[in-house]
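A.B. asks:
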Amino acid sequence: MPRYSSLGGIALLLVALPLRGQDRPLPAVSQSLSLEDAVTLATQYSPTFRQTANDRGPAGWGLRNAYASFLPSFSVNGSMDYRGAGSQTFLTQEFIQPSATIGSGYSLSLFWQLSGQTLSQPALTKAQLNAADATVAGARINLRSQIVSQYLAVLQAQERVTLSDAQLKRNEEFLRLARARYEVGQTTVLDVRQAEVARGRSEVALLQERQNVTVEKLRLFQHMGVAAPEDPSVVSLSDTFPIVEPHGTLAELLASADDQNPDLNSLRALESSAAWGERAAKSEFLPSFTVQAGWSGFTQQFTNPSSAIVGAQENAQDRIDQCNYTNTVLVNPNAPQIDCSALAFTPAQEQAIRDANSVFPFSFRRNPFSARLSVSLPIFNQFDRELRVSQASTQADDAREAVRARALQVRTDVSQGYYGLLTAHRTIQIQENNRTAAREQLRLATERYRVGSGTFFELLDAQLTGQQAENDYVAAVYEYHRARASLEAAVGRPMQ
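First residue of the sequence shown: 2, per this note's numbering; consecutive thereafter.
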C-alpha cells in the first residue's frame, strides 16, 4: 500500500521587525521655516536620502550574521505519518500488516562549520558597514547642500520680487510725473504712453517674479520630501545669510577635504571592503571543518489494537499447541510434562499491548545519538577559486583607482570653489559700486526730467540701467552664497 506522510514543523521562528514608518503621515511645515528646520525635515522625509539610509540596515545585519557564523546552527523538525493495513511483497516474501498505523517523529540537528570564509566575513562585513555609514554621511551632506541651494533660490526670488515691486512704484511715479508735465504742456502724450507701457511691463514682471517665488518654494518642499501647503505664501523663510569675507587658506581647505569629504570617505570605505573581499576570496584555498550532531525519536501506534491482540492470542495458541505436541510426541511418558498453561495469553498481556500501543504522538522512543566531524580541503574545482580571486583582485584595484580619481576631483572642486568664492566676494563689491552709481544716475535723470532739461528716453535708459544694476547685485550676492555652499560641500564641513 502507498505511504502518505504529512510533514509539519514543530517549532516556527517568528521574527517581528519594526516598520520604518514609510507610510507615516507627512508633517505640516511651520509658517516660519529656518534653514536648520528645512534640513532636519529633509533628513527625515526626503525619499532619496531615506533610500540611501535604508541601505545601512542590511549592512548592520550582515555584520551580525558574520559574527553569528561562528556559532552552530540548530534546527528542529517534526513529522507525522500514516500507513494503511494490507500486504506488501518484497522479493518472494509477503509481509502482512493487519492494522493501519500512525506515527510521529522528531529530530534535532546541530551544524557548525569553520572555514577561511567564516574567518574573513566579520572584517569584510565591518568594512561594508563602514562603507554604508560613509555613504549615508555623504548623502546627508549632499542633501544639506541641495537644501541650502534651494533655500537660497527662494530668498533670491523674494529679493527679485522686492526689486520688481520697487520698479513698479518708480514707474508709477514716472507716469504721474509724465502726466503732470503733459497737463501743463511741457511734454507730449508720447511720454505718457511710454510711461504707461513701462508701468505695465513692471506689473507683468512683478507677477512673474511672485510666481517664481511660489515655484521655488514648491521645489524646496519637494527636496525636503514634505507636502507643500495649498498656499505656499503662508510659509516664510526666517534665515538670512550675511556676506562674510572668506577666511582660511587653500592648503587648509584641501587638507580638510582630504579628511572630511563624504564622497572620498565613502570610496575609501568601499576600497577597504573590496580589499577584504579579495582576502575572503583567497581564503577559499584553506580547509574547512564541519561538525554535525543529531538527536531523534519516533512513535508508532496501531489504529486498531484489537488486531494486534488477536495476533498475540493466535501466537500464544500456536505456542500452546507446539507445547502440547512436544509433551505428546517428544517427551517420554515417565518424564515430567511441560506446563503449557504458562504460555496462555492473559488479560495482563492484553492490557500491556494496549498500554504499549498508546504512544502517539509524544511518547517518543529515542534513536541513538549521532555525531560526525569532517575536514575538507579543496584540490581542484575547474579554476572557480582562481576566477573569484581574480575578480576580487580586479575589484580591489578598481576601488583604489576610484579613490585616487576622486581625490584628484575633490582637489579640483575645492580649488575651483575657493577661487570662485574669492571672485564672487570681489564681484559683490564691484556690483555694489555699480548699483550706487546707477542709483545716482537715475536720481539725476529724474531731476532733469522733472525740471524739463532731460528727455523721457534718458529717464528710461537710466531706469533700465538702475534696474539691471540692482538685479546684478542681487545675483552677485546669491552667487556668493551658492559658491560658499558649494565649497562647504566639497570640503565636507561648514566654513567658519
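A virtual CB, placed ideally from N, CA and C, is assigned to each residue, including glycine. Predicted model, so just to flag it, every value in this text is computed and none were measured.
Please report the residue range of the alpha helix (DSSP H) in which Thr413 lies.
C.D. replies: Asp385 to Val452
A.B. asks: If you draw a straight line from the C-alpha of Ser143 to the C-alpha of Ala206, how long is it?
C.D. replies: First, the amino acid is wrong: residue 143 is Asn here, not Ser. When rounded, the distance between both Cα atoms is 34 Å.
A.B. asks: Within 10 angstroms of its Cβ, does Gly493 collect 16 or more other Cβ (buried), or is it exposed?
C.D. replies: buried
A.B. asks: Strictly by DSSP, which residues pair up with Leu34?
C.D. replies: The partner list for Leu34 (beta bridge, DSSP) reads Leu238.
A.B. asks: When the Cα of Pro265 is compared with those of Tyr46, Phe381, Glu402 and Gly85, which residue comes out closest?
C.D. replies: Looking at the sequence shown, residue 265 is not Pro but Leu. The shortest C-alpha separation from Leu265 is found at Glu402.
A.B. asks: Tell me the DSSP bridge mates of Phe361?
C.D. replies: Assignment of beta-bridge partners to Phe361 by DSSP yields no partner.
A.B. asks: Compare the C-alpha of Phe112 against each of Asp134, Ala69, Thr126 and Gly104 and name the closest.
C.D. replies: Ala69
A.B. asks: Who are the Cβ neighbours of Phe501 in its own chain at under 7 Å, not counting the five residues just before and after it?
C.D. replies: Any property of residue 501 remains undetermined from this structure, which presents the chain solely from 2 to 497.
A.B. asks: Work out the CA separation of Trp277 and Ser35 for me, nearest whole Å.
C.D. replies: 44 Å
A.B. asks: Leu178 by DSSP, collapsed to three states: which one?
C.D. replies: helix
A.B. asks: If you compare alpha carbons, which of Glu272, Gln45, Ala349 and Asn434 is closest to Arg141?
C.D. replies: Gln45
A.B. asks: Taking 8 Å as the threshold, find out whether the segment 466 to 485 comes into contact with the segment 434 to 451 through three or more Cβ pairs.
C.D. replies: yes
A.B. asks: Any chance you could list the alpha helix (DSSP H) runs of at least 4 consecutive residues sitting entirely within the segment 109 to 138, in chain order?
C.D. replies: Listed in chain order, there is nothing to give.
A.B. asks: For Asn78, which residues in the same chain have their Cβ closer than 6 Å to its Cβ, ignoring the five residues on either side in sequence?
C.D. replies: Ser108
A.B. asks: What are the start and end residues of the alpha helix (DSSP H) that includes Ser70?
C.D. replies: Neither: Ser70 is in no alpha helix (DSSP H) and is coded neither H nor E.
A.B. asks: From the DSSP output, which residues share a beta bridge with Ser274?
C.D. replies: Answer is none; Ser274 lacks a bridge partner.
A.B. asks: Do the segment 226 to 233 and the segment 357 to 365 meet, that is, are 3 or more Cβ pairs less than 8 Å apart?
C.D. replies: no
A.B. asks: Is it a yes or a no for the segment 309 to 321 touching the segment 143 to 159, going by three-plus beta-carbon pairs under 8 Å?
C.D. replies: no
A.B. asks: For the segment 247 to 318, which segments carrying the alpha helix (DSSP H) assignment without a break, of at least 4 residues, lie completely within its bounds, in sequence order?
C.D. replies: 251 to 261 and 263 to 283
A.B. asks: Is the beta carbon of Phe290 closer than 8 Å to that of Leu120?
C.D. replies: no
A.B. asks: Taking the C-alpha atoms as reference points, what is the distance between Arg483 and Ala258?
C.D. replies: 18 Å
A.B. asks: Determine whether the beta carbon atoms of Asn382 and Ser100 lie at a separation below 8 Å.
C.D. replies: no
A.B. asks: Tell me whether the beta-carbon of Ala128 lies closer than 8 Å to the beta-carbon of Ala270.
C.D. replies: yes
A.B. asks: If you reduce the DSSP assignment to three classes, tell me which class Gly61 lands in.
C.D. replies: helix
A.B. asks: Classify Pro348: buried if its beta carbon has 16 or more other beta carbons within 10 angstroms, exposed otherwise.
C.D. replies: exposed
A.B. asks: Does DSSP put Met81 in a helix, a strand or coil?
C.D. replies: Here Met81 sits in strand by DSSP.
A.B. asks: Have a look at Glu480 and Leu238 and give me their C-alpha separation to the nearest angstrom.
C.D. replies: 19 Å
A.B. asks: By DSSP's criteria, Ser375 is part of a beta bridge. Which residues make up the other side?
C.D. replies: Thr291
A.B. asks: Tell me which same chain residues have a C-beta within less than 8 Å of the C-beta of Ala372, skipping the five on either side of it?
C.D. replies: Val292, Gln293, Ala294 and Gly295
A.B. asks: For the alpha helix (DSSP H) that contains Val216, what are its first and last residues?
C.D. replies: Val190 to Met225
A.B. asks: Applying the criterion that 16 or more other CB atoms from any shown protein chain within 10 Å of the CB defines a buried residue, is Arg171 buried or exposed?
C.D. replies: buried
A.B. asks: Taking only the alpha-carbon atoms, compute the straight-line gap between Leu125 and Gln432 and give it to the nearest angstrom.
C.D. replies: If you draw a straight line from the Cα of Leu125 to the Cα of Gln432, it is about 55 Å long.
A.B. asks: Could you tell me the alpha carbon to alpha carbon distance between Leu388 and Trp62, rounded to whole angstroms?
C.D. replies: Per the coordinates, the alpha-carbon of Leu388 lies some 28 Å from the alpha-carbon of Trp62.
A.B. asks: Going by DSSP, what residue range makes up the alpha helix (DSSP H) through Asp473?
C.D. replies: Unbroken alpha helix (DSSP H) run through Asp473: Phe457 to Val492.
A.B. asks: In this structure, does DSSP put Gly231 in helix, strand or coil?
C.D. replies: Inspection of the sequence shows that residue 231 is occupied by Glu rather than by Gly. Three-state DSSP puts Glu231 in coil, outside helix and strand.
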